[in-house]
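What follows is one structure encoded as structure tokens, with my remarks underneath.
There are 2 protein chains.
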Amino acid sequence: MEDIKRVEPRTLSGFMELLPQDQIKFNEMLDKIKKTYELYGFLPQETPIVESSEVLLAKAGGETEKQIYSFKKGDKDLSLRFDLTVPLAKYVAQYYNELTFPYRRYQIGKVYRGERAQKGRYREFYQCDIDIIGDGKLSVINDAEIPSIISTTFKNLGFSNFVIKINNRKILNGLFEELDISDKMTDILIIIDKLEKIGMEAVKKELSELNVSAENINKIEDFLNISGTTDEKINKLKALGFESEKFKEGVQELEEVVKYVRLFKVEEENFMIDLTIARGLDYYTGTVYETNLKGYESIGSICSGGRYENLAGYYTKKNLPGVGISIGFTRLFYNLKELGLLNTDKKSISKVSIVTMGVGLENAVEISNILRDNNIPNEIYKEDAKIKAKLNYANNLEIPYVIIIGEEEVEKGLYTLKDMSTGSQELLSVDDIIKEIIK
Amino acid sequence: MEDIKRVEPRTLSGFMELLPQDQIKFNEMLDKIKKTYELYGFLPQETPIVESSEVLLAKAGGETEKQIYSFKKGDKDLSLRFDLTVPLAKYVAQYYNELTFPYRRYQIGKVYRGERAQKGRYREFYQCDIDIIGDGKLSVINDAEIPSIISTTFKNLGFSNFVIKINNRKILNGLFEELDISDKMTDILIIIDKLEKIGMEAVKKELSELNVSAENINKIEDFLNISGTTDEKINKLKALGFESEKFKEGVQELEEVVKYVRLFKVEEENFMIDLTIARGLDYYTGTVYETNLKGYESIGSICSGGRYENLAGYYTKKNLPGVGISIGFTRLFYNLKELGLLNTDKKSISKVSIVTMGVGLENAVEISNILRDNNIPNEIYKEDAKIKAKLNYANNLEIPYVIIIGEEEVEKGLYTLKDMSTGSQELLSVDDIIKEIIK
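Taken in sequence, the protein lines are chains A and B. Residue numbering for the first sequence is 1 to 439, as defined by the working numbering. Residue numbering for the second sequence is 1001 to 1439, as defined by the working numbering.
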């Protein structure tokens, strides 16, 4: 092998690859998200990472399309999925007759976007999505369940300092209807979406550049400045006395959502109405959500989504309204780690490393079997090495216990259990060892 | 949306996509594999699906290379990983200084091969790999641990009718050394590997076409015909009296592996020595494994692997011997389903569906919260529908329990629990409902 040409081992920029300690934490967190989604009865879904370009790009265009990994294999145009929503739309249209509606599914998987490389931006990243898809219609109570899922998820991940911002696109759309500037709606929404980043003055300047009248800009500002508690905001919205049916519908939905969000036991400190949230895209048509970690708003929303009128119009005539959210998990993990908010204190899966001193490998195997039967992850250090090296292995991996087997142990049928955190050791029966470890 | 051009929703051939019922089973099985691997203390690893072609194809060539999904993005040559071994080699070379050896890792993930489409062959499929990588050396006892992992994995998956076939490449290599036909070794191994498929006569014919002398063909046949119990086979191998050092080493290793496989409590009916297993590739250098489901040998090996001398020679000068196995899970799942060996009786994640009759949505939300706090996956049927439709939903998804809330229930604070399998119903307190469901 000495004369072979070697290639430098490396990982592509924008692709996350973790050392074991971080990977353990990463997996634990993904697993908690999955378990939380399942507590709400969502069904698992998995779709291919590779799809026909024609299918995947049925709707895409502009910026998204440029970022997509597309390629040919034989005479087929293929693409890597860039989100989990398009595959969901395809799936629901394709298997419509075999699904039960409302179809509640989660999908956790990798998606691909060839974005410009920068810190915290990944080209391969996990999304953790849930969506509830109705057949023709879908009750607004579903919109109130979503914040409950977001809240439970982040609490199960160990966070309590988050705030779910809720809005309803009908309120914004109704506002424009009321002011008779609906033709500029999309552009205005994009500007409003930047409010937090660029501030009110810059928003007003951009609106003015869009030829929105001074009077209307003032009304928009008044609207955006609505403040107070959740209930005060709803009352102020009602007090505006707008005639627009869309506006009234939006306020009514928002009020209903807030009522049930409270019943779902989302705490007041964990949600708020934010009338500035538009979620840029013209995909969403009702309730919209963003989630921030308090004190860390600069990392952006950690969980977003909303209500849409029709999921799969590009694949089927069926009207399929839905509501859903997505956690961009890879980026979230990166940010939590950077901010020192990750508690990655587990470096091993094994709870026990079994080492022998010259004799007792048979005993080691037997003990290993018994520990496994008791659901205790363990391993035998099998290499020929000094006892110090064997203990170092456990030490490096922070395996909490070592069982040491030497001549005395084999003779007595009792084994030395060393607690690696305290250094203390005791000669115990296998039964007592198990009791000690489980305790 | 009515005038938009629609695309037919479809999934690429060779890419598995499951309905919820099968996906639940698929995930449960993958999870059992993962949990079993972790019981043996293996660390999780995850590498990108996309890698630089130069890195990924450092070693590849011939048939493999033709199957690889390669493409350009900007000026970069990229490829989708075609197995989890090459990424492991890259990873260990790249992070050598940060890993603790022996490095025990598992990786469960999708790999891509543009194979000719045929039933049961997938272009995107899961591999479930474990490997133990030594730094310079690795005890043969590790080779004995592998069958224990295979056995525990399949038992945890609910199978007991499997047999792990064990051989050692040094025995075959030593045989050729002994017969002085080592120059033809690779070709001969490929022929022997087909023994089960094509039979002894065809093997002899192919050997003869390779210009192996009649005398040597007879010796090979004698060798391949060694039969009897595991211990008889080892004794017959020893009795051949071969001088080849390699041969003797192989027999000695095999004997050691068998001894410890027994200590690891792999049952006699679940393993055997099979001297014909070569595992085609010239990658393996010692112990090799294949696993068959008894009575279903035609689906081929469901878990294979072996010992290799050096994992990462194309990336580093470090000598990194290892032993590992891989389960081709997607194909296994397909075959088990085709054979009717899958018990996919769970169509939902939810244990309870909560339905209301006009009133009591608030109560429904509260009960849902309490059930979740008690770790019981549940969902509220929130749509406006007749009670029959609401029960049908639970029925279609085979959700085992329905809680029905009407006026009487709201008044009394007791709720109707309907057992969907028996049809029986009872008016109970929430506490009693939980007790009933957990029971």
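C-beta atoms are modelled at their ideal positions from N, C-alpha and C, and glycine is treated no differently. None of these values were measured; they are calculated from a predicted model.
The beta-bridge partner set that DSSP reports for A/M272 consists of A/K165. Considering only beta carbons, the part of the region 1398–1423 of chain B lying closer than 9 Å to chain A consists of I1399, in chain order. When beta bridges are read from the DSSP output, A/K418 appears opposite A/V402, A/Q425.
Residue environment for A/R116: exposed (fewer than 16 other C-beta atoms within 10 angstroms of its C-beta). With its beta carbon less than 9 Å from one in chain A, B/E1038 belongs to the interface. Look at the region 259–286 of chain A: the residues with a C-beta under 7 Å from a C-beta of chain B are Y260, L263, F264, K265. One finds I1049, K1110, E1124 in chain B with Cβ atoms closer than 8 Å to the Cβ of A/I49, taken in chain order.
Runs of the beta strand (DSSP E) lying entirely within the region 1034–1080 of chain B and spanning at least 3 residues, in chain order: 1050–1052, 1070–1073, 1076–1080. Counting C-beta atoms within 10 angstroms of its own C-beta, A/M16 has 16 or more neighbours from the protein chains shown and is therefore classed as buried. Apart from the 5 residues on each side of it in sequence, B/I1141 sits with its Cβ closer than 8 Å to the Cβ of E1256, Y1260 in its chain, given in chain order. Rounded to the nearest whole angstrom, the C-alpha separation of B/L1210 and B/K1194 is 15 Å. Assignment of A/T287 by DSSP, reduced to helix, strand and coil, places it in the strand class. Taking C-alpha positions only, A/F223 is separated from B/K1072 by approximately 49 Å.
Assigned with DSSP and collapsed to three states, A/S139 falls in coil, not helix or strand. For the pair of segments examined, the region 380–396 of chain A was found to touch the region 355–367 of chain A: the number of CB pairs separated by less than 8 Å reaches three.
The beta-carbon separation of A/G109 and A/L84, rounded to 6 Å, stays under the 8 Å limit for a contact. A contact between stretches requires three or more CB pairs, one per stretch, nearer than 8 Å, and the region 425–436 of chain A meets this requirement with the region 364–378 of chain A.
Annotation for B/G1322: the continuous beta strand (DSSP E) segment containing it runs 1322–1328. Any Cβ of chain B closer than 9 Å to the Cβ of A/A58 would place that residue at the interface, and such an atom is present.
When beta bridges are read from the DSSP output, B/R1104 appears opposite B/I1132. Shown here, B/N1396 sits in a helix according to DSSP, grouped into three states. Separation of the CB atoms of B/N1270 and B/S1151 is rounded to 5 Å, and the pair is thereby assigned contact status at 8 Å. Considered as a whole, the region 308–396 of chain A harbours 322–328, 352–356, 378–380 as its complete beta strand (DSSP E) runs of no fewer than 3 residues, in chain order. Under the three-pair Cβ rule at 8 Å, the region 1323–1340 of chain B counts as touching the region 1116–1130 of chain B.
Our two residues, B/D1129 and A/A312, have alpha carbons roughly 37 Å apart in a direct line. The C-beta distance from A/K351 to A/P321 rounds to 48 Å, too long to fall under 8 Å, and the pair is not in contact. At least one beta carbon of chain A lies nearer than 9 Å to the beta carbon of B/F1042. DSSP, reduced to helix, strand and coil, places B/K1110 within a strand of the structure shown. Taking a C-beta distance under 9 Å as the contact criterion, B/T1036 and B/F1162 do not qualify as a contact pair.
Per the C-alpha coordinates, the member of A/K155, A/G14, A/R105 positioned closest to A/E46 is A/R105. By the Cβ neighbour-count rule, B/G1250 is buried, with 16 or more other Cβ atoms within 10 Å of its own. Exclusion of the five residues before and after B/I1370 leaves V1430 as the residues of its chain whose Cβ lies within less than 7 Å of its Cβ. A/I166 sits away from A/D77, with the two beta carbons spaced by 9 Å or more. For B/P1087, the enclosing alpha helix (DSSP H) stretches over residues 1085–1094. By the Cβ rule, the region 1024–1032 of chain B counts as touching the region 1335–1350 of chain B, because three or more pairs are nearer than 8 Å.
By the neighbour-count definition (other C-beta atoms within 10 Å, threshold 16), B/S1227 is an exposed residue.
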